[in-house]
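Remarks on the structure that follows.
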Ligand code: COA
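If you want it as structure tokens, here you go:
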């Protein structure tokens, strides 16, 4: 039997505390106008001391299952895109699995930096299409504020915390409203363009045990525009579609200038591009599921619409996906 993977519900959770550009002026030599003009970011949300990637992810997951009317025990698999896990182990996915009562589910994290959620969603699609899972909870959850160097103005203004979740369900009936294509790519030769150290770092290496984001902003900017454009066109082609068929572009929310350059490259109207980077900054793996949820709740996606998602991050690792919106997606 052939199974199709359909998005059945979306959810998101942002921590309460908001950090404005004016707040950042007190921390580093920056100003609101520079940040807005160079990045489009006005505010970002910051996790409270008691919060973590798993606690943000748990809230997003609970909201998603609530709107879907699905019990935790119906879930077969919990996948989490994160590069800021609470610890080296257990996985954030296991913590979420426990919190939502997914007693019949397997659970693991996918670390592809910002591309974690799209990688997890692609993996979930495989589990559904090959018949080994019926319901998969896919979460992107991050606390970038924990690995930002708050004395580095070139990076600390860019990132924020948050979580988004998506419930993927199997349907054997028809392909209407299913995930149509996905493409994942990586170039580890550009690892030094964007990285953070960690506990497993070799002792004689520029990577440090301090997990701080280090970035060559201009190199990442160039790669972002080029690779997300190429991946988007490949995903559209693999779905048997053309750019004119795409109803909404939900890109990684890292920088408004990157998003505008991507739309220009694709010859795609900004009217059909979803953007919320001004509110949340770059929440890494969480940007796309949060944006997808907001687009869904704002009524911007109708059943049958084709939604293109694309992302890039540390690795470098990037990807794109085309999904046709299902006729029963809750929000
Ligand atoms: N406030 C004020 N000035 C700043 C600043 C800040 N927060 N950050 C950098 N500057 C300064 C630089 O020091 C530089 O000064 P100089 O000309 O005197 O040397 C100047 O602004 C221009 O720096 P530059 O790095 O060329 O700016 P930019 O236009 O490339 O913008 C980024 C910087 C980081 C916003 C941009 O490169 C970017 O968005 N890159 C991609 C980042 C990204 O998306 N990363 C995550 C991917 S998942």
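Numbering (my numbering), first residue to last: 3 to 333.
Positions of the beta carbon are idealized from the N, C-alpha and C atoms, including for glycine.
Considering Cα atoms alone, identify which of the options is closest to residue i.
i           : options            : result
residue 25  : 215, 201, 158      : 158
residue 135 : 83, 77, 160        : 77
residue 81  : 6, 211, 167, 210   : 167
residue 174 : 319, 130, 272, 39  : 130
residue 181 : 195, 128, 270      : 128
residue 165 : 27, 6, 146         : 146
residue 261 : 214, 296, 297, 42  : 42
residue 242 : 294, 308, 299      : 308
residue 245 : 254, 256, 255, 232 : 232
residue 257 : 279, 248, 274, 228 : 279
residue 327 : 316, 320, 318, 301 : 301
residue 211 : 236, 283, 202, 30  : 202
residue 71  : 11, 62, 101        : 11
residue 75  : 108, 36, 58        : 108
residue 317 : 93, 153, 222, 213  : 222
residue 123 : 154, 287, 234, 315 : 287
residue 49  : 119, 153, 285      : 285
residue 225 : 319, 27, 240, 7    : 319
residue 329 : 313, 312, 303      : 303
Residue j and residue i - do their beta-carbons sit closer together than 8 Å?
i           : j           : result
residue 310 : residue 251 : yes
residue 83  : residue 142 : yes
residue 65  : residue 15  : yes
residue 88  : residue 55  : yes
residue 255 : residue 293 : yes
residue 86  : residue 149 : yes
residue 9   : residue 63  : no
residue 227 : residue 264 : yes
residue 297 : residue 270 : no
residue 230 : residue 253 : yes
residue 140 : residue 332 : no
residue 163 : residue 51  : no
residue 170 : residue 67  : no
residue 121 : residue 321 : yes
residue 73  : residue 95  : no
Are there 16 or more other CB atoms within 10 angstroms of the CB of residue i, so buried, or fewer, so exposed?
i           : result
residue 53  : buried
residue 105 : exposed
residue 176 : exposed
residue 191 : exposed
residue 291 : buried
residue 39  : exposed
residue 132 : exposed
residue 306 : exposed
Residue range of the alpha helix (DSSP H) that residue i falls in?
i           : result
residue 181 : Premise fails: residue 181 lies in the beta strand (DSSP E), 181 to 188, not in any alpha helix (DSSP H).
residue 232 : 219 to 240
residue 35  : 34 to 41
residue 258 : 258 to 267
residue 279 : 279 to 282
residue 129 : 118 to 131
residue 69  : 55 to 70
residue 94  : 94 to 101
residue 1   : With the chain running from 3 to 333 in the structure shown, residue 1 is simply not present.
residue 157 : 155 to 158
residue 24  : 23 to 27
What are the start and end residues of the beta strand (DSSP E) that includes residue i?
i           : result
residue 80  : 79 to 83
residue 297 : Not the beta strand (DSSP E): residue 297 falls in the alpha helix (DSSP H), residues 289 to 299.
residue 12  : 6 to 15
residue 47  : 45 to 48
residue 252 : 250 to 253
Would you list the one or two residues that DSSP bridges to residue i?
i           : result
residue 144 : 164
residue 320 : 187, 314
residue 326 : 308
residue 216 : 197
residue 171 : 8, 137
residue 19  : 48
residue 275 : 251
residue 332 : 11
For chain D, is any of its Cβ atoms less than 8 Å away from the one on residue i?
i           : result
residue 215 : Looking at the structure shown, chain D is missing, and only one protein chain is on hand.
Could you check if residue i belongs to the surroundings of ligand 3, using beta carbon to heavy atom distance under 7 Å?
i           : result
residue 265 : In terms of ligand content, the structure shown lacks ligand 3 and carries ligand 1 instead.
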